[in-house]
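With the first letter of the sequence shown counted as 1, position 6 gets the number 32 in this note's numbering; the numbers rise by one all the way through.
Just below is one structure, and these are the notes that go with it.
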Amino acid sequence: VALTWWNTYVQTVGHEAAYDMSWKTLVKMMTDQYCPRNEIRKLEMELCGLKVKGLPDMIHERVVASKPMTMQEAIEIATELMDKKIRTFAERETA
Numbered sequence: 027v028a029l030t031w032w033n034t035y036v037q038t039v040g041h042e043a044a045y046d047m048s049w050k051t052l053v054k055m056m057t058d059q060y061c062p063r064n065e066i067r068k069l070e071m072e073l074c075g076l077k078v079k080g081l082p083d084m085i086h087e088r089v090v091a092s093k094p095m096t097m098q099e100a101i102e103i104a105t106e107l108m109d110k111k112i113r114t115f116a117e118r119e120t121a
């Protein structure tokens, strides 16, 4: 499928113009063509859900309740909560 798209693109813009394109431009064009933003969002949410499932129950519940919009946001929330939990545990051990 991608090869057909590429061949059509080469026919449209010409061989020289197509092969002079930067890698970054090609990646953007391929992403726009084959990875619609809504599909990427679905995959990000699925991956985030799987990542969050591996957290301790208390942390998992709080991350889910915060309704993070991105995986990065979920990771930041989970990291903050885990750090707080570790600090609290360490304080209790030294007290």
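Where a beta carbon is used, it is the ideal one built from N, C-alpha and C, also for glycine.
The model shown is predicted, which means the values in this text are computed figures rather than measured ones.
Secondary structure of residue 74, DSSP reduced to three states: In this structure, residue 74 counts as helix in the three-state DSSP scheme.
Is residue 74 buried or exposed, if buried means 16 or more other CB atoms sit within 10 Å of its CB? The residue in question, residue 74, is buried, as its Cβ has 16 or more Cβ neighbours within 10 Å.
Give every residue of the same chain whose Cβ lies closer than 8 Å to the Cβ of residue 85, excluding the five residues on either side of it in the sequence, and list them in chain order. Excluding residues up to 5 positions away in sequence, 104, 107, 108 and 111 lie with their Cβ nearer than 8 Å to the Cβ of residue 85 in the same chain.
Should residue 44 and residue 36 be called a contact, given that it needs their Cβ atoms to be closer than 7 Å? Closer than 7 Å, so yes.
Within a Cβ cutoff of 6 Å, which residues of the same chain sit near residue 119, ignoring the five residues on either side of it in sequence? Cβ-Cβ distances below 6 Å link residue 119 to nothing in the same chain once the five nearest sequence neighbours on each side are left out.
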